[in-house]
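Protein chains: 2
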Amino acid sequence: MTNDADIAALDAADPLAGFRDAFSLPDNVIYLCGNSLGPPPRDAGDRLAQVTADQWGAHLVRGWTEDDWIGLPGRVGDKVARLVGAKPGEVAIADSTSVNLFKLLAAACDLRPGRATILSQADNFPTDLYIAQGLAGLSNGNRRLRTVPAGDIADAIDDDTAVVMLSHVDYRTGALFDMAALTAAAHEKGALVLWDVAHSAGALPVDLNGANADFAVGCGYKYLNGGPGAPAFLFVAERHQGAARSPLSGWMGHATPFDFGPDYKPADGITRFLCGTPVVLAVAALEAGIDVALAADPKALRAKSQALGDLFIERVEALCPADDLSLFSPRAATDRGSQICLTHPQGYAVMQALIERGVVGDFRAPDIMRFGLAPLYLRHADIDEAARILAEVLTTGAWDQPKYHDRAAVT
Amino acid sequence: MTNDADIAALDAADPLAGFRDAFSLPDNVIYLCGNSLGPPPRDAGDRLAQVTADQWGAHLVRGWTEDDWIGLPGRVGDKVARLVGAKPGEVAIADSTSVNLFKLLAAACDLRPGRATILSQADNFPTDLYIAQGLAGLSNGNRRLRTVPAGDIADAIDDDTAVVMLSHVDYRTGALFDMAALTAAAHEKGALVLWDVAHSAGALPVDLNGANADFAVGCGYKYLNGGPGAPAFLFVAERHQGAARSPLSGWMGHATPFDFGPDYKPADGITRFLCGTPVVLAVAALEAGIDVALAADPKALRAKSQALGDLFIERVEALCPADDLSLFSPRAATDRGSQICLTHPQGYAVMQALIERGVVGDFRAPDIMRFGLAPLYLRHADIDEAARILAEVLTTGAWDQPKYHDRAAVT
Numbered sequence: 001m002t003n004d005a006d007i008a009a010l011d012a013a014d015p016l017a018g019f020r021d022a023f024s025l026p027d028n029v030i031y032l033c034g035n036s037l038g039p040p041p042r043d044a045g046d047r048l049a050q051v052t053a054d055q056w057g058a059h060l061v062r063g064w065t066e067d068d069w070i071g072l073p074g075r076v077g078d079k080v081a082r083l084v085g086a087k088p089g090e091v092a093i094a095d096s097t098s099v100n101l102f103k104l105l106a107a108a109c110d111l112r113p114g115r116a117t118i119l120s121q122a123d124n125f126p127t128d129l130y131i132a133q134g135l136a137g138l139s140n141g142n143r144r145l146r147t148v149p150a151g152d153i154a155d156a157i158d159d160d161t162a163v164v165m166l167s168h169v170d171y172r173t174g175a176l177f178d179m180a181a182l183t184a185a186a187h188e189k190g191a192l193v194l195w196d197v198a199h200s201a202g203a204l205p206v207d208l209n210g211a212n213a214d215f216a217v218g219c220g221y222k223y224l225n226g227g228p229g230a231p232a233f234l235f236v237a238e239r240h241q242g243a244a245r246s247p248l249s250g251w252m253g254h255a256t257p258f259d260f261g262p263d264y265k266p267a268d269g270i271t272r273f274l275c276g277t278p279v280v281l282a283v284a285a286l287e288a289g290i291d292v293a294l295a296a297d298p299k300a301l302r303a304k305s306q307a308l309g310d311l312f313i314e315r316v317e318a319l320c321p322a323d324d325l326s327l328f329s330p331r332a333a334t335d336r337g338s339q340i341c342l343t344h345p346q347g348y349a350v351m352q353a354l355i356e357r358g359v360v361g362d363f364r365a366p367d368i369m370r371f372g373l374a375p376l377y378l379r380h381a382d383i384d385e386a387a388r389i390l391a392e393v394l395t396t397g398a399w400d401q402p403k404y405h406d407r408a409a410v411t
Numbered sequence: 412m413t414n415d416a417d418i419a420a421l422d423a424a425d426p427l428a429g430f431r432d433a434f435s436l437p438d439n440v441i442y443l444c445g446n447s448l449g450p451p452p453r454d455a456g457d458r459l460a461q462v463t464a465d466q467w468g469a470h471l472v473r474g475w476t477e478d479d480w481i482g483l484p485g486r487v488g489d490k491v492a493r494l495v496g497a498k499p500g501e502v503a504i505a506d507s508t509s510v511n512l513f514k515l516l517a518a519a520c521d522l523r524p525g526r527a528t529i530l531s532q533a534d535n536f537p538t539d540l541y542i543a544q545g546l547a548g549l550s551n552g553n554r555r556l557r558t559v560p561a562g563d564i565a566d567a568i569d570d571d572t573a574v575v576m577l578s579h580v581d582y583r584t585g586a587l588f589d590m591a592a593l594t595a596a597a598h599e600k601g602a603l604v605l606w607d608v609a610h611s612a613g614a615l616p617v618d619l620n621g622a623n624a625d626f627a628v629g630c631g632y633k634y635l636n637g638g639p640g641a642p643a644f645l646f647v648a649e650r651h652q653g654a655a656r657s658p659l660s661g662w663m664g665h666a667t668p669f670d671f672g673p674d675y676k677p678a679d680g681i682t683r684f685l686c687g688t689p690v691v692l693a694v695a696a697l698e699a700g701i702d703v704a705l706a707a708d709p710k711a712l713r714a715k716s717q718a719l720g721d722l723f724i725e726r727v728e729a730l731c732p733a734d735d736l737s738l739f740s741p742r743a744a745t746d747r748g749s750q751i752c753l754t755h756p757q758g759y760a761v762m763q764a765l766i767e768r769g770v771v772g773d774f775r776a777p778d779i780m781r782f783g784l785a786p787l788y789l790r791h792a793d794i795d796e797a798a799r800i801l802a803e804v805l806t807t808g809a810w811d812q813p814k815y816h817d818r819a820a821v822t
């Protein structure tokens, strides 16, 4: 069992310890919700002020050239590429994760004519499923969504499968899919794969090209710490960029948008997956978060994420009453992303009691308490303290108050 | 003819004169490009700083409830509604103009089964046409885009027309469409109408419900001064909100997104036209611009916009050599939006010479010089001075230098 001296030693030896200072975190909060919304990088405010005054205010419309706003989606996309195992020119910042899913699902389906099925895991993040349903609805029965339990995905891929759409990390359990193995299984059956890396990019090394992935989307506001509703990103493997087309053929994806011609002609490369005008201010804040993540050693990031998870499990099991509390995430660190989920029949009330005590995680129905373990800004001592507070809430029954049962909270 | 004393008197009597101080404009620039990108409202920077520190930084994920980020698209949409003649609950802030066009075009087509045609003006803003082409491409031949010259629109509406997609103000000429008359003509033939008010909202009163419009989209970064790539808005008339469906069925348009259920169920009202997570920081900057516009009297706004246009035409015609220079916009103020366009065979070089002299307009191929006349921050003296500088550039042939012919500029 870990003791206080061990915890202090772990933090003292942490090669990522200095990154905590790159973020602005409130006092008296142990923030275990970075898998939902990351905290502000300390210089996000300065970057916003700088772009507002020195670019928008000083250059006005000439910012498109003088500050190369027009190149912003690709320039910042190239930074994200380094976090997700992609090459320069394979990633762009654009729109929301949902909108990017729509573009890439449609593009993938078009590359597999004669196949109608979008295959996904039944418990995928809901917006992924909803977007596939919306695309199917536009397609006069030519495209359909089929979902199966996560463990059955590989066996369910068949010769009607156009694209397999999977989340790299399960948002409910924190389980990590084997990206390379599932991509290979899909390719063997002639299907393409679209990975949603919203719950992995920035928290652990992602290797899209190492896994031979075809398409991917990801989120800017979780482990990239880009701000609430930050622009998202999309990845299209270079080999698909010539043939793949976006159905959201807006002017920023045009080969020559400023010719203002009447017919859409897609740009070369990743640019064809842009649609409208990039949200320059929001991308500036996102870039602050990406720059912090880029400065971290990926191996150290993964090692710390796994160590924090192992520590949390160990401390919870050592300190908390076992009745009603169960580990919902994989026990093996190699099988997890960067969150630990526990179930408890009164999980909602327990989480509200934790939040009131400064331990901010979140709850997912019916009984899942999620604890995001962002390795850039969390200390081993935070994890230890969170487990202690959870134990106190459970041991004393402190959660059993009417105020903790109010379900008005949405996140 | 207007003289200097008249100009000074016009500015002295201008009821909107005080609004100029609400914006941050560089010295020595006469900014006639607000139809492309508006300048920063003076408090945009403070609002961004406040949301970053006091909301995102202080509340982290609880901002979704404590700061009602979840209600932001509708709350700021209700403010835009007051600018465009809509009711509360008919407008939402969302995505880009292009993405919103896709959603509403698809929704409109679905409301008119058996009709295949999206009808538009041949010189509509290109992204509008491109998006319609993208939607048609997804539809297995069930939807097609047909374009006709602007003057032929009313006659071209037939019983195959599902939706007529028009820009309220022509981005090339500045001509203002008769929204009520064209909407009535479409309805008479059983078609719906989608108006793009990107070049009118914020510069002149728009009356969507007065015109009985069905759908509309608009831009946040032109006359609403929301910042480069600011989020856009969409309008769906209340009578269509029950039946209309967005094909971009992301989680923020779901009836109960935080139930995380497997099947998409559209929310009631305008919320169903949301898709991904709202870009909170960018909406904060946009709201600063909208608040300035809301403080202005709409009648005064229109009167000043028309007066500035009339003045510019008068001064240009009085001062500039007539050879090669032509008025491209309608002469009658009632037929114009809030920009004046002139053609010149060397329009590109002339515009570059103007920009170097601090008169910032823009150029559209093949020969169009555009001068946006935003009534909130321009003075009559600015318009007079711009005309004088144009006259000087043309009279002296100052534009005829190699540096003014470099076409690298994109905007």
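Line by line, the protein sequences give chains X and V. Per my numbering, residue 1 is the first one in the first sequence, and the count goes up by one each step. Per my numbering, residue 412 is the first one in the second sequence, and the count goes up by one each step. Think of the CB as a built atom: it goes at the ideal place given N, C-alpha and C, for glycine as much as any other residue.
Legend entry - Own chain partners of residue 29 of chain X with C-beta closer than 7 Å, once the 5 adjacent residues on each side are dropped: So the list reads 358, 360, once near-sequence residues are dropped.
Inset, instruction - Please work out which residues of its chain come closer than 6 Å, Cβ to Cβ, to residue 504 of chain V, disregarding the five sequence neighbours upstream and downstream, and give them in chain order. - result: 484, 487, 488, 642, 644, 694
Inset, instruction - Just grab the DSSP bridge partners of residue 414 of chain X for me. - result: Past the edges of chain X, shown from 1 to 411, lies residue 414 of chain X, and the structure says nothing about it.
Inset, instruction - Would you kindly check if the distance between the Cβ of residue 19 of chain X and the Cβ of residue 39 of chain X is under 8 Å? - result: no
Inset, instruction - Using 10 angstroms around the beta-carbon of residue 222 of chain X, count the other beta-carbons present and answer buried if the total reaches 16, otherwise exposed. - result: Buried, because 16 or more other Cβ atoms sit within 10 Å of the Cβ of residue 222 of chain X.
Legend entry - With 16 other Cβ atoms within 10 Å as the buried cut-off, status of residue 599 of chain V: exposed
Inset, instruction - Rank X:157, X:153, X:98, X:152 by C-alpha distance to the C-alpha of residue 134 of chain X and give the top, closest one. - result: X:98
Legend entry - Sequence ranges, beta strand (DSSP E) only - wholly within the stretch 716–801 of chain V, length at least 3: Qualifying beta strand (DSSP E) stretches, in chain order: 750–754, 773–775, 779–783.
Legend entry - N-terminal and C-terminal residue of the beta strand (DSSP E) that residue 555 of chain V is part of: 555–559
Legend entry - Simplified DSSP state of residue 701 of chain V, which is helix, strand or coil: helix
Legend entry - Presumed contact (8 Å Cβ cut-off) between residue 585 of chain V and residue 637 of chain V, rounded CB distance: So it is not a contact: roughly 21 Å between Cβ atoms.
Legend entry - Buried or exposed by the 16-neighbour rule on C-beta atoms within 10 Å, applied to residue 818 of chain V: exposed
Legend entry - Euclidean distance between Cα positions of residue 394 of chain X and residue 344 of chain X: Spanning the alpha carbons of residue 394 of chain X and residue 344 of chain X requires a straight line of approximately 10 Å.
Inset, instruction - Would you please verify whether the beta carbon of residue 809 of chain V is less than 8 Å from any beta carbon of chain X? - result: With 8 Å as the cut-off, residue 809 of chain V does not count as an interface residue toward chain X.
Legend entry - Three-state secondary structure (DSSP) of residue 448 of chain V: When DSSP states are grouped into helix, strand and coil, residue 448 of chain V belongs to the coil group.
Legend entry - Span of the beta strand (DSSP E), counted from its first residue to its last, around residue 416 of chain X: The shown model of chain X, from 1 to 411, leaves out residue 416 of chain X, and the question about it has no answer.
Legend entry - CB contact flag (residue 243 of chain X, residue 111 of chain X, <8 Å): yes
Inset, instruction - Assign residue 540 of chain V to one of three DSSP states: helix, strand, or coil. - result: Helix, per DSSP.
Inset, instruction - Return the residues of the stretch 270–281 of chain X that lie within a Cβ-Cβ distance of less than 8 Å from chain V, sorted by chain order. - result: 275, 276, 277, 278, 279, 280, 281
Inset, instruction - Please list the partners that residue 24 of chain X has in chain V, where partner means a Cβ-to-Cβ separation under 7 Å. - result: 468
Inset, instruction - Indicate whether at least one CB of chain V lies closer than 8 Å to the CB of residue 173 of chain X. - result: So, not an interface residue.
Inset, instruction - Ignore the nearest five residues each way along the sequence and tell me which others in residue 349 of chain X's own chain have a CB closer than 6 Å to its CB. - result: 399, 404, 405
Inset, instruction - Sort out for me which residues DSSP pairs residue 157 of chain X with in a bridge. - result: Residue 157 of chain X pairs with nothing; no bridge assigned.
Legend entry - Residue-chain proximity (residue 822 of chain V, chain X), Cβ-Cβ < 8 Å: With a pLDDT of 45 at residue 822 of chain V, under the threshold of 50, the modelled position of that residue is not reliable, and no figure is offered here.
Inset, instruction - Give every residue of the same chain whose Cβ lies closer than 7 Å to the Cβ of residue 108 of chain X, excluding the five residues on either side of it in the sequence, and list them in chain order. - result: 162, 163, 192, 194, 214, 215
Legend entry - Selection of the stretch 347–370 of chain X by Cβ proximity to chain V, strictly under 9 Å: 355, 360, 362, 364, 365
Legend entry - residue 209 of chain X versus X:235, X:334, X:218, residue with shortest Cα-Cα distance: X:235
Inset, instruction - Please look up how many angstroms separate the CB atoms of residue 176 of chain X and residue 336 of chain X, rounded, as I've assumed it's under 8 Å. - result: 6 Å
Inset, instruction - Would you please verify whether the beta carbon of residue 506 of chain V is less than 8 Å from any beta carbon of chain B? - result: No chain B is part of this structure, whose protein chains are labelled X and V.
Legend entry - Min CB distance residue 587 of chain V to chain X below 8 Å: no
Inset, instruction - Spell out whether any CB of chain X is found under 8 Å from the CB atom of residue 731 of chain V. - result: no
Inset, instruction - Compare the beta carbon distance of residue 462 of chain V and residue 617 of chain V with 8 Å and say whether it is the shorter of the two. - result: no
Legend entry - Test: residue 406 of chain X CB closer than 8 Å to a CB of chain V: no
Inset, instruction - Using a Cβ cut-off of 8 Å (strictly closer), state whether residue 127 of chain X contacts chain V. - result: Judged by the 8 Å Cβ criterion, residue 127 of chain X is in contact with chain V.
Inset, instruction - Count the other CB atoms, across all protein chains shown, that sit within 10 Å of the CB of residue 698 of chain V; report buried if there are 16 or more and exposed otherwise. - result: buried
Inset, instruction - Starting from residue 165 of chain X, follow its DSSP beta bridges and name the residues at the other end. - result: X:120, X:194
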